[in-house]
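S.K.: I'd like to ask you about the structure that follows.
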Amino acid sequence: MATLFEQIRGAVASDRFVVGKHAAQRLESRRITEWQIIEGVQQGRLLAQRPNDQPNPVVEIEQILADGTVIKAVWAWLRYNKIAKLVTVHFFDQ
């Protein structure tokens, strides 16, 4: 059985993902383009898996943007329709 991280990476690779309203606002305010987050999932490093989080299990992924900035992306796994949801994005230095 695939790990939570593998499920989310697979869903993103197959275009089975959504960007939550909060995440969209954070991307805009931090001037990060969505494509960088989507592309970076495959090369990202797993920081934490929280399979028991409610209402959905979550992973935290360290990613590197095109300009070299290191960020943390938080993705949830929506079991009922088997899609990944970008929850938020953080800079490590803020």
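So the numbering used here is basically just the index in the sequence shown, starting at one, shifted up by 2.
For glycine and all other residues, C-beta sits at the position ideal for the given N, C-alpha and C.
Using the C-alpha atoms, what's the distance from E62 back to Q51?
M.R.: The straight-line gap from Cα to Cα measures roughly 7 Å.
S.K.: Distance check for L49 and R81, CA to CA, integer angstroms please.
M.R.: Going from the Cα of R81 to the Cα of L49 covers about 21 Å.
S.K.: Determine, using beta carbons only, whether V14 and I40 come nearer to each other than 8 Å.
M.R.: Yes.
S.K.: Report the three-state DSSP secondary structure of V14 (helix, strand or coil).
M.R.: Three-state DSSP puts V14 in a helix.
S.K.: In terms of alpha-carbon separation, which member of R18, F93, L88 lies closest to N58?
M.R.: Per the Cα distances, L88.
S.K.: Short of 7 Å in beta carbon distance, which residues of its chain neighbour L6, apart from the five on each side in sequence? Order them along the chain.
M.R.: The answer, listed in chain order, is Q51, P53, P59, V61, W79.
S.K.: Just mark A86 as buried or exposed, buried being the case when its beta carbon has 16 or more other beta carbons within 10 Å.
M.R.: So A86 counts as buried.
S.K.: Can you tell me whether DSSP reads I34 as helix, strand or coil?
M.R.: Three-state DSSP puts I34 in coil, outside helix and strand.
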